[in-house]
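Visitor: Take this structure, written in structure tokens, and hold onto it; I'll ask about it next.
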């Protein structure tokens, strides 16, 4: 059943991308990120308190167990990795069309597979190699299509922000396998504690990076920011159920989750009225086809 949970996570992530894009429009990046992580923490804090007081039983799916100091340290590392990825992606997403960001983000499974080959000794077969080649080919064609909108992939710093964020996100996906299977940390503990740590780590970054220039980059509250914090909890909850299954493969879960790009790409047309959607859409489908070949080969 793990792949159904991965698909549910992908659907949530599609709406999550749209909420992020809408929240970042003419808005400061780090305050949006801080408020969304604060929302996640506020939602999860009552579950931790009720679990500690014994009002939520240990067999409940909402139960948040206490963890060891070593496990807290592991989740601090995870929170740092994820927050780094989000900061780069948020800055890129603010300045680029969502129809540009989504296909770049869709390549994450390719980097995850390469990482899985290196770290976990997962060896691709010839079908998976074909999938990798197809994905890279259409990503190159996508960069050509981006030039029609005046976006040079080699020179545009916001494109590089999304690329770096995607690469760091691939590292996070590999680290998740270590966190769940080797450290054996409960999924609700991961969601709860690493959300807290993300919020705490973001506070000094806000004052160091954003506050000195806050007049040039003002922040305004939007209710969609709270929606970001809620929907990412749901998406991650489905995700951790999937990777907790001993039969699941991280090199397959990551591609399934990237199907969120279809949802985000489609909504980008209807909500944000973005252009050149046919060319970019064909390239996105080509990237996803490459990923599908990888999945088939698995």
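In our numbering, the protein residues as written are 31 to 328. Don't be surprised by glycine CBs; every beta carbon is placed ideally from N, CA and C.
(1) Residue 126 by DSSP, collapsed to three states: which one?
(2) Please confirm whether residue 77 and residue 104 have their CB atoms less than 8 Å apart.
(3) With the cut-off set at 8 Å, would you say residue 203 and residue 278 are in Cβ contact?
(4) Taking just the CA atoms, how far does residue 145 sit from residue 200?
(5) Can the beta-carbon of residue 175 be found closer than 8 Å to that of residue 306?
(6) Determine the direct distance from the alpha carbon of residue 166 to that of residue 320, and round the result to whole angstroms.
(7) Going by the beta-carbon positions, is the gap between residue 221 and residue 41 smaller than 8 Å?
(8) Beta-carbon separation of residue 115 and residue 295 under 8 Å?
(9) Under the three-state reduction of DSSP, which class applies to residue 206: helix, strand or coil?
(10) Whose C-beta lies closer than 7 Å to the C-beta of residue 311 among residues of the same chain, with five residues either side of it excluded?
(11) How far does the alpha helix (DSSP H) with residue 234 in it reach, from first residue to last?
(12) If you follow the alpha helix (DSSP H) that residue 307 is part of, which residue opens it and which one closes it?
(13) Can you tell me where the alpha helix (DSSP H) with residue 289 in it begins and where it stops?
(14) Can you give me the Cβ contacts of residue 112 inside the same chain, cut-off strictly under 6 Å, excluding the 5 residues immediately before and after it?
(15) By the DSSP assignment, the alpha helix (DSSP H) with residue 254 in it spans what residues?
(16) Output needed for residue 260: all residues of its chain with C-beta closer than 8 Å, excluding positions within five of it in sequence on either side, in chain order.
(17) Between which two residues does the alpha helix (DSSP H) containing residue 51 stretch?
(18) What I want to know is whether the C-beta of residue 212 ends up closer than 7 Å to one or more non-hydrogen atoms of the ligand COA.
(19) How would you write the range of the alpha helix (DSSP H) that residue 66 sits in, first residue to last?
(20) To the nearest angstrom, report how far apart residue 173 and residue 130 are at their CA atoms.
(21) Which value, in whole angstroms, describes the spacing of the CA atoms of residue 141 and residue 235?
(22) For the segment 177-205, which segments carrying the alpha helix (DSSP H) assignment without a break, of at least 4 residues, lie completely within its bounds, in sequence order?
(23) Is the segment 118-130 in contact with the segment 185-201, if contact means three or more CB pairs nearer than 8 Å?
(24) Which same chain residues, not among the five before or five after residue 224, have their C-beta less than 6 Å away from its C-beta?
(25) Hey, is the segment 177-192 in contact with the segment 242-258, meaning 3+ C-beta pairs nearer than 8 Å?
Guide: Looking at the coordinates:
(1) Look at residue 126 here: in three-state DSSP terms it is coil, with no helix or strand label.
(2) No, they are not a contact pair.
(3) The answer is no: Cβ separation not under 8 Å.
(4) Take the alpha-carbon of residue 200 and the one of residue 145: they are about 8 Å apart.
(5) It is a contact, given that the beta carbons lie within the stated cut-off.
(6) Here the alpha carbon of residue 320 sits roughly 8 Å from the alpha carbon of residue 166.
(7) No, the pair does not count as a contact, with Cβ atoms beyond the cut-off.
(8) It is not a contact, given that the beta carbons lie outside the stated cut-off.
(9) Helix.
(10) Apart from sequence neighbours up to five positions away, the residues of its chain that approach residue 311 with a beta-carbon distance below 7 Å are 295, ordered along the chain.
(11) Counting along the chain, residue 234 sits inside the alpha helix (DSSP H) bounded by residues 217-235.
(12) First-last of the alpha helix (DSSP H) with residue 307: 307-327.
(13) Unbroken run through residue 289: none, as it is neither H nor E.
(14) Within the same chain, 202 come within 6 Å of residue 112 by CB-CB distance, once the 5 residues on both sides are set aside.
(15) Element bounds for residue 254: 253-274.
(16) Only 69, 70 and 73 meet the Cβ criterion.
(17) For residue 51, the enclosing alpha helix (DSSP H) covers residues 32-54.
(18) As for the ligand COA, it is missing from this structure, which has no ligand bound.
(19) Counting along the chain, the alpha helix (DSSP H) containing residue 66 begins and ends at 59-82.
(20) The alpha-carbon atoms of residue 173 and residue 130 are separated by roughly 9 Å.
(21) So the two alpha carbons sit approximately 27 Å from each other.
(22) Within the segment 177-205, no complete alpha helix (DSSP H) run reaches 4 residues.
(23) Short answer: they touch.
(24) Here the set comprises 105, 108 and 109.
(25) They do not touch, by the three-pair rule.
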